[in-house]
Amino acid sequence: MTDATAPLERYNAKDAEPRWQAAWAQAKIFETDNADQRPKYYVLEMFPYPSGRIHMGHVRNYAMGDVVARYKRARGFNVLHPMGWDAFGLPAENAAMERKVNPRTWTYENIATMRGQLQSMGLSLDWSREIATCDPAYYKHQQRMFLDFLEKGLVTRRTAKVNWDPVDHTVLANEQVIDGRGWRSGALVEQRELTQWFFKITDFAEDLLTALDGLERWPDKVRLMQKNWIGRSEGLEVRFGLTEPVAGYGDGITVYTTRPDTLFGAKFLAIAADHPIAASLAEGNTELQAFIAECQRIGTAQAAIDTAEKLGFDTGLRVRHPLDPSWDLPVYVANFVLMEYGTGAVFGCPAHDQRDLDFANKYGLGNTPVVCPEGQDPDSFVITDTAYDGDGRMINSRFLDGMSTDEAFEAVANRLDGEGVATRKVQFRLRDWGVSRQRYWGCPIPIIHCDSCGPVPVPVADLPVKLPEDVSFDQPGNPLERDAAWRQVPCPQCGGAARRETDTMDTFVDSSWYFARFTAPWLADEPTDRSTVDRWLPVDQYIGGIEHAILHLLYARFFTRAMRETGWSGVSEPFAGLFTQGMVVHETYKDEAGAWVQPADVRLTAEGGQRQAFHVKTQGPVSIGPIEKMSKSKKNVVDPDDIIASYGADTARWFMLSDSPPERDVIWTEEGVQGAARFVQRVWRLVNAACAASGDGAADLTLRKAAHRALASVGEDVERLRFNRCVAHIYTLANALDEALRGAASQAAAKEAAGILTQLIAPMMPHLAEECWTALGRDGLAAAAPWPEADVALLVEDEITLPVQINGKKRADVTVPRDADAKAVEAATLALDAVQKVLDGKPPRKVIVVPGRIVNLVV
RNA sequence: GCGGACGUGGCGGAACCGGUAGACGCACGAGACUUAAAAUCUUGCGGCCGAAAGGCCGUGCGGGUUCGAGUCCCGCCGUCCGCACCA
Numbered sequence: 001m002t003d004a005t006a007p008l009e010r011y012n013a014k015d016a017e018p019r020w021q022a023a024w025a026q027a028k029i030f031e032t033d034n035a036d037q038r039p040k041y042y043v044l045e046m047f048p049y050p051s052g053r054i055h056m057g058h059v060r061n062y063a064m065g066d067v068v069a070r071y072k073r074a075r076g077f078n079v080l081h082p083m084g085w086d087a088f089g090l091p092a093e094n095a096a097m098e099r100k101v102n103p104r105t106w107t108y109e110n111i112a113t114m115r116g117q118l119q120s121m122g123l124s125l126d127w128s129r130e131i132a133t134c135d136p137a138y139y140k141h142q143q144r145m146f147l148d149f150l151e152k153g154l155v156t157r158r159t160a161k162v163n164w165d166p167v168d169h170t171v172l173a174n175e176q177v178i179d180g181r182g183w184r185s186g187a188l189v190e191q192r193e194l195t196q197w198f199f200k201i202t203d204f205a206e207d208l209l210t211a212l213d214g215l216e217r218w219p220d221k222v223r224l225m226q227k228n229w230i231g232r233s234e235g236l237e238v239r240f241g242l243t244e245p246v247a248g249y250g251d252g253i254t255v256y257t258t259r260p261d262t263l264f265g266a267k268f269l270a271i272a273a274d275h276p277i278a279a280s281l282a283e284g285n286t287e288l289q290a291f292i293a294e295c296q297r298i299g300t301a302q303a304a305i306d307t308a309e310k311l312g313f314d315t316g317l318r319v320r321h322p323l324d325p326s327w328d329l330p331v332y333v334a335n336f337v338l339m340e341y342g343t344g345a346v347f348g349c350p351a352h353d354q355r356d357l358d359f360a361n362k363y364g365l366g367n368t369p370v371v372c373p374e375g376q377d378p379d380s381f382v383i384t385d386t387a388y389d390g391d392g393r394m395i396n397s398r399f400l401d402g403m404s405t406d407e408a409f410e411a412v413a414n415r416l417d418g419e420g421v422a423t424r425k426v427q428f429r430l431r432d433w434g435v436s437r438q439r440y441w442g443c444p445i446p447i448i449h450c451d452s453c454g455p456v457p458v459p460v461a462d463l464p465v466k467l468p469e470d471v472s473f474d475q476p477g478n479p480l481e482r483d484a485a486w487r488q489v490p491c492p493q494c495g496g497a498a499r500r501e502t503d504t505m506d507t508f509v510d511s512s513w514y515f516a517r518f519t520a521p522w523l524a525d526e527p528t529d530r531s532t533v534d535r536w537l538p539v540d541q542y543i544g545g546i547e548h549a550i551l552h553l554l555y556a557r558f559f560t561r562a563m564r565e566t567g568w569s570g571v572s573e574p575f576a577g578l579f580t581q582g583m584v585v586h587e588t589y590k591d592e593a594g595a596w597v598q599p600a601d602v603r604l605t606a607e608g609g610q611r612q613a614f615h616v617k618t619q620g621p622v623s624i625g626p627i628e629k630m631s632k633s634k635k636n637v638v639d640p641d642d643i644i645a646s647y648g649a650d651t652a653r654w655f656m657l658s659d660s661p662p663e664r665d666v667i668w669t670e671e672g673v674q675g676a677a678r679f680v681q682r683v684w685r686l687v688n689a690a691c692a693a694s695g696d697g698a699a700d701l702t703l704r705k706a707a708h709r710a711l712a713s714v715g716e717d718v719e720r721l722r723f724n725r726c727v728a729h730i731y732t733l734a735n736a737l738d739e740a741l742r743g744a745a746s747q748a749a750a751k752e753a754a755g756i757l758t759q760l761i762a763p764m765m766p767h768l769a770e771e772c773w774t775a776l777g778r779d780g781l782a783a784a785a786p787w788p789e790a791d792v793a794l795l796v797e798d799e800i801t802l803p804v805q806i807n808g809k810k811r812a813d814v815t816v817p818r819d820a821d822a823k824a825v826e827a828a829t830l831a832l833d834a835v836q837k838v839l840d841g842k843p844p845r846k847v848i849v850v851p852g853r854i855v856n857l858v859v
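In structure tokens form, the structure reads like this:
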């Protein structure tokens, strides 16, 4: 019943949104009080890198987090929902080189821009807790914890082979090398020997692995990825005695194996090219030197590894089999053995390892099967070019014959262990986290190098070690190394001339504890306050991209444990609930010349279902390409500012939450945004129509049921982060309200339903909700209103309609009272005309009644 | 190669513990209002047969379990993701 005399003005987002943002800020309703005694809820989205402008991925991420924050607030929780900036990193230095701006200036300008953009989204953030990791007030505490970790033995400095990114001129951690390339630069990574600082993440390998089981609100996928990354295996370190000692090395080679059961199938030993014994042997052996050099050359390029043949070099050395001193095995240097894993040496069992088999076949070493699959005749079991790596019965293995592989493993382990030849060893794939970066724009490592005292920690009282402000980027490399004034300092221990560590910390260190800092970012002297951090952590709901499944999420788990060890927190796990959202993707467009065209320049038509695209300027045809992740290179990006300017933040948020399940990619389409914009206006019309309703109330009960059903469903789905379903429930309620207004809803019932609709949209479209709240004449702010309780009595129907199947096919419906028992349902079903016609006087062979679900007759 | 996830209309997707497949939205068609367009409203929309009532087919493919399978089991095919010489 819309009032036709005075046409309703359209909802004006441009006017309403800043107005409500100001109202929220003034009421300070999103500022969180640590002393508030209500149950806490900490919701956090991964903080952004201040690259310049926010992108649609940010909009999606923060829209989701904001729904949770606003919903939990309405549910009576003391919600912490902070925002900050992951502000150190290479792009600032690249900008400095390209545009001659100071990295700090560049970063803070970006922060200002992006803060404004986030604020225009209407996010319910506590801006009073904002932090930037490049602020000395932040990294001071990171330096403090570095020193604490050092004292606890959780930081070490050692020479190691590291991944060197030749484009970014810095070292990368293993986690930061993707397919042999730097995660940022995409450059092929080289191996270099450097002295570096390491965080001893491997000290926690076992705990990081087993604790994954307790992270029940993490995606299985992420837990599995971390599990594989940590890569635990149980095996044996076995010493093979050399028939003759090697000068400068010793008289035995230790290998690591997870298959000691197959020891009687051994045909050779293989050692890594950079194994110490290989180095000893290479002295004076130019052939071996050449082979080692060749291995190292191939070893740096991932592509080569994929195709590289198994190559070996017979050293001429012989070792004795640990279970039979009369049995000698040749020792090869092989290109497939990694020095970094295990002991850098393996024994080869060709029959039961494909790689060993390839190698043995190439060098004519033969094979002896020692594990026979169940059901296979041992006498006819022969291995030619496919190794058998499964379980079975031991054969050709002397005292092991007849045992299972597991029994044989134990028997060998016990025997060799008893003889002092082998020890059981749990091996991890995970390696220590190298945190040294040869870059300027990062947290300085608080160490001073003194020729007489070695590396000396900077005294806590002298923290922070601040980055020098006046730096030049006119030369490649790290400006800190060239800054003599900054570098040269007296040794804190002996007072002699010394120099600062010029490496800075990996920026992943910065993001490994920011969630803890948010709990009390104002603390000047300490990183955290124990009682505060212990009350807020773990984060109840963390939301971010899947790309951090290993990197950031593993580092943060380590760092939280290290903080626990050093007393800065009492918790072990940083994130109790994790949600990984999908990407924002978009169609790609190309003009006739094959150049990428940005969506803003494309006009789409769809006459008769045939989609066509034209360039808005030239009117020339544009071809529609595949849907891909938004990227600058393909120009398929949509600027959030443009969307907010033309449609408003609520429309952008609503569209982001509609349709696609949040963990999947969402396809950004112009039609979709327009659909969202239409719904914004529709809600506005409905709420106003409800205020003007004047029906006799005939539709009231139906409407109230619909409203409370939506209320219950939306609540349940927000809790499970199924925002696309929330959207569907809200549409259903809007349809019901429309229907009821056309029918005869009373004003009271219409306004109640409109009020519920307003509260349901409030977490997603908060500005529109405030405007509707005011139109409905409700007090205060919708953002501060408690969540309405669903009336359970309205959720159940008195009568239910069940489908009736005959032989599994639906043939009729039967309507029965809600609490009808199986007998009554059966009787009602058999009385149906449609059923009687089929039965034709005969009784059904079987009747299945599932109360509240279905009836199935077998005839 | 190893590990994992997924496969439903023109599209995004829904379907809880095995119980009415396609909710909700987008796109599209027809109609109303309008001089016209936009907006809005009504209506249709998996395929085939039919005027309709209704019937048959249908959740990647082939089998199986079950009164009943998108859902469970076995075997294929395809797509995506992660790891990748890890001993």
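Residue 1 is where the first sequence starts when you use full-length UniProt numbering, and the numbers rise one by one after that.
Even for Gly, the Cβ is constructed at its ideal location relative to N, Cα and C.
Here the structure is a predicted model, which means the values were calculated and not measured.
Using 8 Å as the threshold, is the C-beta distance between Leu463 and Pro490 below it? Their beta carbons are not under 8 Å apart, which means Leu463 does not touch Pro490 by this criterion.
Whether Ala576 touches Arg217 by CB criterion (8 Å): Judged by their CB atoms, Ala576 and Arg217 are nearer to each other than the 8 Å cut-off.
In the DSSP assignment, the alpha helix (DSSP H) including Pro490 goes from what residue to what residue? Pro490 -> not in any alpha helix (DSSP H); beta strand (DSSP E) instead, spanning 488–490.
Got a sec? Which residues, its chain only, sit under 6 Å from Pro136 by beta carbon, not counting five neighbours each side? Pro464, Lys466, listed in sequence order.
Which of helix, strand or coil DSSP assigns to His729: In the structure shown, His729 sits in a helix (DSSP, three-state: H, G or I).
Quick check on Met121: does DSSP put it in helix, strand or coil? It is coil, neither helix nor strand.
Evaluate Asp15 with the Cβ neighbour count: other Cβ atoms within 10 Å of its Cβ, from every protein chain shown; 16 or more gives buried, anything less gives exposed. So Asp15 ends up on the exposed side.
Three-state secondary structure (DSSP) of residue 944: A query on residue 944 cannot be resolved here, the shown segment of the chain reaching from 1 to 859 and no further.
Have a look at Thr170, Glu770, Asp165, Ser694 and flag the residue whose alpha-carbon is nearest the alpha-carbon of Gly180. Just measuring C-alpha positions, the residue of Thr170, Glu770, Asp165, Ser694 sitting nearest Gly180 is Asp165.
Measure how close the beta-carbons of Glu193 and Thr159 come, nearest whole angstrom, since I'm counting them as under 8 Å. In this structure, Glu193 and Thr159 form a Cβ contact; the two beta carbons are roughly 6 Å apart against a cut-off of 8 Å.
If distances are taken between C-alpha atoms only, which option among Asp483, Met64, Leu209 comes closest to Leu123? Nearest C-alpha to Leu123: Met64.
Indicate whether the contact test is met: 3 or more Cβ pairs, each with one atom in the region 610–622 and one in the region 559–578, closer than 8 Å. Two segments are said to touch when three or more pairs of C-beta atoms, one from each, lie closer than 8 Å; by this definition the region 610–622 does not touch the region 559–578.
Would DSSP call Thr560 helix, strand or coil? Thr560 falls in the helix class under three-state DSSP.
Boundaries of the beta strand (DSSP E) in which Gln438 is found, first to last residue: From DSSP, Gln438 is part of no beta strand (DSSP E); its letter is neither H nor E.
Which of the three DSSP states, helix, strand or coil, is assigned to Lys837? DSSP places Lys837 in helix when its eight states are reduced to three.
Taking only three categories from DSSP, how would you classify Lys842? Annotated three-state conformation of Lys842 is coil, per DSSP.
Outcome for Gln354 when other beta-carbon atoms lying within 10 angstroms are tallied against a minimum of 16: The residue is exposed, with fewer than 16 neighbouring Cβ atoms inside 10 Å.
Mind pulling the beta strand (DSSP E) runs of 3 or more residues that sit fully within the region 279–335? Those beta strand (DSSP E) runs which fall completely within the region 279–335 and span 3+ residues are 312–321, 324–334.
Could you tell me whether the Cβ atoms of Val460 and Arg157 are closer together than 8 Å? The criterion of a C-beta distance shorter than 8 Å is not satisfied by Val460 and Arg157.
Enumerate, from N- to C-terminal direction, the unbroken beta strand (DSSP E) stretches of 3 or more residues contained entirely within the region 328–393. Unbroken beta strand (DSSP E) runs of no fewer than 3 residues, entirely contained in the region 328–393, are found at 345–348, following chain order.
Tell me, please, which residues DSSP counts as bridged to Ala270. Per DSSP, Tyr332, Val346.
Tell me which same chain residues have a C-beta within less than 8 Å of the C-beta of Val796, skipping the five on either side of it? Excluding five sequence positions before and after Val796, the CB atoms of its chain that fall closer than 8 Å to its own CB belong to Arg818, given in chain order.
Who are the Cβ neighbours of Ser746 in its own chain at under 6 Å, not counting the five residues just before and after it? Within the same chain, Gly695, Gly697, Asp700 come within 6 Å of Ser746 by CB-CB distance, once the 5 residues on both sides are set aside.
To which residues does DSSP link Val855 through a beta bridge? According to DSSP, Val855 bridges with Val804, Val849.
Please classify Gly390 as buried or exposed, where buried requires at least 16 other C-beta atoms within 10 Å of its C-beta. Under this definition Gly390 is an exposed residue.
C-alpha gap between Arg709 and Pro50, whole angstroms: Their backbone Cα atoms lie some 42 Å apart in a straight line.
Span of the alpha helix (DSSP H), counted from its first residue to its last, around Pro640: Per DSSP, Pro640 belongs to the alpha helix (DSSP H) from 640–647.
Ile230 versus Leu209: straight-line alpha-carbon distance, rounded: For Ile230 and Leu209, the gap between their C-alpha atoms comes out near 7 Å.
Using C-beta distances below 7 Å, list every residue in its chain close to Pro479, excluding the 5 sequence neighbours before and after it, in chain order. Contacts found: Tyr440, Val471, Ser472, Phe473.
Measure the Cβ-Cβ separation of Asn335 and Ala273 and say whether it is below 8 Å. Yes, the pair counts as a contact, with Cβ atoms nearer than the cut-off.
Quick one: what's got a C-beta closer than 7 Å to Met225's C-beta in the same chain, skipping five residues either side? The beta carbon of Met225 is closer than 7 Å to those of Ala549, Ile550 in its chain, skipping five residues each way along the sequence.
What residue range does the alpha helix (DSSP H) around Phe149 cover? Segment 136–151, the alpha helix (DSSP H) holding Phe149.
Buried/exposed call for Asn807, threshold 16 Cβ in 10 Å: Counting other Cβ atoms within 10 Å of its Cβ, Asn807 stays below 16 and is therefore classed as exposed.
Cα-Cα separation between Glu663 and His352, rounded to whole angstroms: The straight-line gap from Cα to Cα measures roughly 41 Å.
Take Cys295 and list the residues in its own chain whose beta-carbon comes closer than 6 Å to its own, dropping the five residues that flank it on each side. Spatial neighbours of Cys295 in its own chain (CB-CB distance under 6 Å, excluding positions within 5 residues in sequence) are listed in chain order as Ala273, Asn335.
Quick one: what does DSSP say Trp20 is sitting in, helix, strand or coil? It is helical.
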